[in-house]
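Last residue of the sequence shown: number 652 in the working numbering, and the count goes up by one each step with no gaps.
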Amino acid sequence: MGKPFFHTLLIIVVGFLVYSNTFHVPFQFDDIGNIVGNYKLRDLSNFWPLSESRWFGYLTFALNYHFGGLNTIGYHIVNLIIHILNAILVYLLVVLTFKTPYFSTSYPPSPPYRKGGMGGFALFSALLFVSHPIQTQAVTYIVQRFTSLASMFYLLSLVMYIKFRLTLTLPPRGGGMGGGAAATRYTLYAVSFLSAILAMKTKEIAFTLPFIITLYEFMFFEGKIKKRIIYLLPLLLTMLIIPLSLVGTDKPIGDAIGELREVSQEGEEIPRWSYLSTQFRVIVTYLRLLFVPINQNLDYDYPIYHSFFNPEVFLSFLFLLTIFSFAVYLLYAKRYTLSVSRFLSFGIFWLFITLSVESSIIPIRDVIFEHRLYLPVIGIIIVFVSATFYILQAMIQSPRRSLAACYLLLVAAVIVLSIVAYQRNTVWHDAITLWEDVVKKSPNKARGHDNIGNVYADKGWPNRAIQHYQIALMLGPTAETHSNLGTVYADLGYLDDAIRECEIAIRLKPNFAELHYNLGNVYDVKGLTDKAIGHYQIAIRLKPDFAKAYNNLGNIYADNGLTDKAIEHYQIAIRLKPDFAEAYNNLGNVYDVKGLIDKAIEHYQIAIRLKPDYEKAHHNLRLVLTLNPEAEVTKDSLNRIPQIRRNK
């Protein structure tokens, strides 16, 4: 099992099989705000200069949109490619580590590593990474590309740094030191440095990269301190990128690092001490999920612990301290000179360092998310594979038989994890399966009920939606849930109840544009035009790029014969949201009223091109052509116009 090409091919095949049922998974949860509703992604020119903290991650979403629009297949393909590349980088990380001075000169690998085990160690580390079900949230959940992409640059930077250092340590092929070797060395370092920058501009978890590289340097390489610091200094300076990118943000640092948009967040910011105390319990939960990945959940209902001396917190702290102390002991204890001890120590340090951004003293509103394990899991995998090789070597004296036993056990682990991961991906099939799973596993958390209520409302099941909104309000009332309930009441014609719920929502969160927009919609349906206009205008003041509010204002002006004002507002809506088919259709209606038939036809056709199954636009286009037979229209558009239905 020592052929890298075969190993790489096997990693690719396993990765594809595990995620073969995810390509049609729709946008979910935070995908909506970060991708579907993020109109900055519609124009690549918005990504210069590169000032935004997650600039490169958003750029990849913009490129996805540029080439494939909102077809999720392209987004999932990119996510899977990134995940497989990360597994290959894990493979290279292990392979290169065996070439470092620690293994090549100080403590050469002992059996079973010497007897072909090194290639197997690297292969199974990569296979466990690519197949572990805990990774599904970072791969199948499209927006978590931020995590996987930052991890890719993180690993690439580390791997290129190791290769750079090896060129300084290993004798060049053919002897001597030519200009070509020096150029290769500088290229490797440049790629490492550039990858570190891109990691920092993708997600804040990359802040720990310079610490990991420094740790690796002093655990596996040798040399004079001064030279080693010179090698490390430029990479250490990349840490400044993240705090500088966050300068000027009006959000708490935890919110900038965290995962959810404002609309998804509940409650107040958690005190630092409470967050840290809770994280001791969370990390233990993470370890359980890594070894026993059952009852995975998008949205855990996790308790907040406010005292370090809570028995559960204190015992968790002691457990984690024991693990960390064991790693330190292995690093310095002279009696443990086996190669496995250095791997065990490095893997444990990796786990704690890579978790530190999201599991320390910076409070994030959601204390636990599975995708936060995407990068830290590498450390535990290294520990697990190292321990497997070491324990079976100690139990079975024959190197060949101990190696075979290692492979058999690890193959079984990969198969089981792959099956569990494939099954976990079925939960992401659509919004109903996802949020029903959340509600089943977190029945006492309001957010799951609110979101499944939204899904049922979108499906046209208002009674189910109302039931879950009411449960959510009993568990933890939020402005968003009151507003969502009001919207469903409005759809059912209970306008007074709808107004009551929307007004409660605004009292709870007066500066949230969507709440004013929803109340404006209810007032519009009730015929209270002035109040509707007032709330739409407030929504626009709070959110100047609120295209739907401009469109609805245009509707009111059009209904009241103010066609010029209607045109102005529709045009603003289209400028803010270039694929806004409804605004094009509405603008076509106003042009038709004004007798500008050619412009009306043009805008109906644009609406149909943007939304081919848009019946209102098809109806309006056929109607205007029937009344104006001399007008011209593309035959292709006519062929796709369905039977006329009465249109508002």
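All C-beta atoms in this analysis are idealised placements derived from N, C-alpha and C, irrespective of residue type, glycine included.
Are the CB atoms of residue j and residue i within a distance shorter than 9 Å?
| i | j | result |
| --- | --- | --- |
| residue 286 | residue 385 | no |
| residue 418 | residue 137 | no |
| residue 3 | residue 581 | The shown model of the chain, from 5 to 652, leaves out residue 3, and the question about it has no answer. |
| residue 133 | residue 382 | yes |
| residue 73 | residue 207 | no |
| residue 562 | residue 553 | no |
| residue 434 | residue 29 | yes |
| residue 538 | residue 524 | yes |
| residue 608 | residue 594 | no |
| residue 165 | residue 239 | yes |
| residue 209 | residue 361 | yes |
| residue 213 | residue 162 | yes |
| residue 84 | residue 156 | no |
| residue 585 | residue 612 | yes |
| residue 196 | residue 215 | no |
| residue 344 | residue 394 | yes |
| residue 512 | residue 469 | no |
| residue 328 | residue 288 | no |
| residue 350 | residue 219 | yes |
| residue 48 | residue 67 | yes |
| residue 160 | residue 199 | yes |
| residue 242 | residue 204 | yes |
| residue 106 | residue 346 | yes |
| residue 583 | residue 614 | yes |
| residue 517 | residue 528 | no |
| residue 566 | residue 530 | no |
| residue 135 | residue 18 | yes |
If residue i and residue j are in contact, beta carbons under 8 Å, what's the gap, nearest whole angstrom?
| i | j | result |
| --- | --- | --- |
| residue 589 | residue 556 | Not confirmed; about 14 Å, so no contact. |
| residue 506 | residue 519 | 7 Å |
| residue 508 | residue 486 | 5 Å |
| residue 429 | residue 140 | 6 Å |
| residue 15 | residue 154 | Residue 15 to residue 154, Cβ: 20 Å. No contact. |
| residue 526 | residue 502 | 5 Å |
| residue 348 | residue 334 | 6 Å |
| residue 69 | residue 46 | 6 Å |
| residue 421 | residue 431 | Incorrect: roughly 16 Å between the Cβ atoms, too far for contact. |
| residue 587 | residue 577 | 4 Å |
| residue 449 | residue 549 | Not really, about 31 Å apart at Cβ, beyond 8 Å. |
| residue 57 | residue 246 | 7 Å |
| residue 446 | residue 301 | 6 Å |
| residue 294 | residue 374 | That pair is no contact at about 10 Å. |
Report the option in the options whose CA atom is closest to the CA atom of residue i.
| i | options | result |
| --- | --- | --- |
| residue 369 | 477, 491 and 303 | 303 |
| residue 546 | 526, 194 and 510 | 510 |
| residue 171 | 100, 59, 246 and 389 | 100 |
| residue 43 | 26, 25, 57 and 63 | 63 |
| residue 121 | 135, 102, 307 and 165 | 102 |
| residue 158 | 309, 358 and 276 | 358 |
| residue 460 | 492, 401, 535 and 376 | 492 |
| residue 143 | 125, 91, 98 and 160 | 91 |
| residue 452 | 78, 596, 31 and 480 | 480 |
| residue 458 | 478, 124, 489 and 68 | 489 |
| residue 410 | 309, 127 and 615 | 127 |
| residue 8 | 24, 22 and 125 | 125 |
| residue 150 | 161, 198, 65 and 95 | 65 |
| residue 94 | 52, 379, 541 and 531 | 379 |
| residue 330 | 315, 356 and 317 | 356 |
| residue 273 | 367, 614, 567 and 234 | 367 |
| residue 601 | 215, 13 and 632 | 632 |
| residue 412 | 534, 392 and 619 | 392 |
| residue 2 | 377, 276, 405 and 415 | This structure cannot speak to residue 2, because the chain is shown only from 5 to 652. |
| residue 376 | 346, 474, 145 and 532 | 145 |
| residue 682 | 36, 86 and 397 | Because the chain spans 5 through 652 in this model, residue 682 falls outside it and cannot be assessed. |
| residue 250 | 610, 59, 477 and 27 | 59 |
| residue 33 | 475, 516 and 456 | 456 |
Point to revise | Segment contact flag, the segment 75–83 with the segment 217–224, C-beta cutoff 8 Å, min 3 pairs | key: no
Point to revise | Meets three-Cβ-pair contact criterion under 8 Å: the segment 303–312 and the segment 274–282 | key: yes
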